[in-house]
Amino acid sequence: MVTGGAGFIGGNFVRYMLDTYADAEVVNVDALTYAGNMESLADLAADPRHAFVKADIASASEMAAVFEAHAVEAVVNFAAESHVDRSLHVGAGAFIATNVSGVQVLLDACRERGVRRFLQISTDEVYGSLGAAGRFTEESPIRPNNPYAATKAGADFLVRAAWKSHGLDAVITRCSNNFGPYQFPEKLIPLMIVNALEDRPLPVYGDGLQVRDWIYVTDHCAAIDAVLRRAAAGRVYNIGGNHDVTNLSVVRRILAILGKPESLVRHVTDRPGHDRRYAMDSTRIREDLGWTPRHAFEEALDATVRWYLDHGPWWRRVRSGEYRAYYERLYGRRLAEAGAAGP
Ligand code: NAD
Ligand code: DAU
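Position 124 (the sequence shown) corresponds to 112 in this note's numbering; numbering is contiguous.
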């Protein structure tokens, strides 16, 4: 079972597993929130190895029905409210419901049904922010700084407790910032690509010198597959792209690829409590499981920009509806203050 498979990473993971293993069978459980999109799974509609179920992981009865209908061997939990800015500006309620309560519902169901393995997709954000030097290891203290990260940290502790107290075979992966096809254009890279394509201003928070460690989504999927199949129960793995760069340098590179002017950049009021730097030490997964990222950042970013160029109808439809109100709420005033018209 893959949860959150109508979203960005979950959808890429479903496709990765079906492409990699002829005998893979996936039940894809997703509540189809604003971030879930059946259009992203259109190419899988005719594949008999893929079954989609619309359901909420925080509903014990809906999860019981899914487990009843499908012989679930393992659960990979991607389902989450995933956007930091929404947790800050829209509210933390949905984050607590899905990212904390939903995880406990899944853990209980796995225990009751004798599911062989539960894999929690976590994040480097649980570690908080780094200073000028060093990288996060799996032993770094858990110090989340925003509501999204706090709920993901809470989930990690619940997963650990299910393993320690009840002997559930559970593992956790903590990955850095992903990019690639089908990413919702509220996140930095797709937002900057689609705004630049339409010659709209690019809202860079603060000085833009915050550092993130970028990984191409397929490399993340390969790491999850290795952990799912070969990790020892209770193990935690960091996953990073080993490419930590400033946000401003990422934005400038996107502009260069598209041949757009740097005058589109607007420095807007910063995100509250903004983590300054993330960088991952992925030694453990390299040494234990032989995983390493295969995609160079530059070529993967080129491919991602090309994907958005080729999929205009996908992101234009995504940006209609709820997205417009969200964008205005988050960026309208900030862009006006920075001296640019809104969308
Ligand atoms: P996303 O927002 O693109 O997709 C999330 C999916 O979960 C959506 O399809 C949504 O409909 C579904 N969902 C939300 N609430 C649900 C619920 N209650 N029940 C069932 N489905 C629900 O997110 P993403 O970027 O693909 O992230 C996937 C996972 O990876 C998340 O757990 C996130 O914390 C983690 N993660 C993301 C990144 C990143 O860079 N995007 C990095 C590290 C970890
Ligand atoms: O690090 C892993 C995390 O990466 C995941 O756990 C989250 O689910 C995922 O959303 C992502 O979180 P970030 O907050 O790092 O990603 P985001 O794309 O929102 O922002 C990346 C950086 O870019 C961050 O420093 C904030 C900045 N930013 C973002 C947006 C949307 C801007 O400067 N302007 C923007 O408009």
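C-beta: ideal position from N, C-alpha, C; glycine also.
Can you list, in chain order, the residues of its chain whose CB lies under 7 Å from that of residue i, leaving out five sequence neighbours each side?
i      : result
Asp44  : Ala19 and Glu50
Tyr193 : Val256, Asp258, Arg259 and His262
Arg282 : Asp207
Thr86  : Ile45, Ala46, Ala67, Ala68 and Glu69
Arg399 : Any answer about residue 399 is impossible in this case: the structure gives the chain only from -11 up to 331.
Gly90  : Ile45, Ala46 and Ala67
Is residue i a contact residue of ligand 1, with contact defined as CB to any heavy atom under 7 Å?
i       : result
Asn133  : no
Phe(-4) : yes
Asp35   : no
Thr206  : no
Gly122  : no
Does the beta carbon of residue i fall short of 7 Å from some heavy atom of ligand 2?
i      : result
Leu107 : no
Arg200 : yes
Tyr193 : yes
Arg317 : no
Tyr115 : no
May I ask which residues mark the beginning and end of the alpha helix (DSSP H) holding residue i?
i      : result
Ala141 : Pro135 to His154
Ser237 : Asn235 to Leu246
Ser75  : Val72 to His77
Ala57  : Ala48 to Ala57
Under a Cβ-count criterion, where at least 16 other Cβ atoms within 10 Å of its own Cβ denotes burial, should residue i be classed as buried or exposed?
i      : result
Ala329 : Model confidence at Ala329 stands at a pLDDT of 46, short of 50, so the residue's coordinates are unreliable; what they give is reported in the following sentence. That one is exposed.
Glu174 : buried
Ala10  : exposed
Glu287 : exposed
Arg321 : exposed
Ignore the nearest five residues each way along the sequence and tell me which others in residue i's own chain have a CB closer than 6 Å to its CB.
i      : result
His58  : Val15
Cys163 : His208 and Ile227
Lys248 : Ala184
Arg200 : Asn165 and Tyr266
Beta-carbon within less than 8 Å of residue i's beta-carbon, same chain only, minus the 5 sequence neighbours each way: which residues are those?
i      : result
Arg99  : Ala150, His154 and Leu156
Leu94  : Thr(-9), Ile45, Met51, Val63, Asn65 and Phe106
Ile181 : Pro173, Ile242, Leu246, Thr292, Val293 and Tyr296
Ala339 : Residue 339 is absent from the structure shown; the chain starts at -11 and stops at 331.
My understanding is that residue i touches residue j, with C-beta atoms under 8 Å, so please give their C-beta distance in whole angstroms.
i       : j      : result
Met268  : Arg148 : Incorrect: roughly 20 Å between the Cβ atoms, too far for contact.
Thr(-3) : Asn166 : It is worth fixing the name first, because residue -3 is Ile in this sequence and not Thr. Yes, Ile(-3) and Asn166 are in contact; Cβ-Cβ is about 6 Å, under 8 Å.
Can you tell me where the beta strand (DSSP E) with residue i in it begins and where it stops?
i      : result
Trp382 : No answer is possible for residue 382: the residues shown for the chain start at -11 and end at 331.
Arg162 : Ala158 to Cys163
Gln108 : Arg105 to Thr111
Phe172 : Taken as a continuous stretch (DSSP letters only), Phe172 belongs to no beta strand (DSSP E), as it is neither H nor E.
Asn226 : Val224 to Ile227
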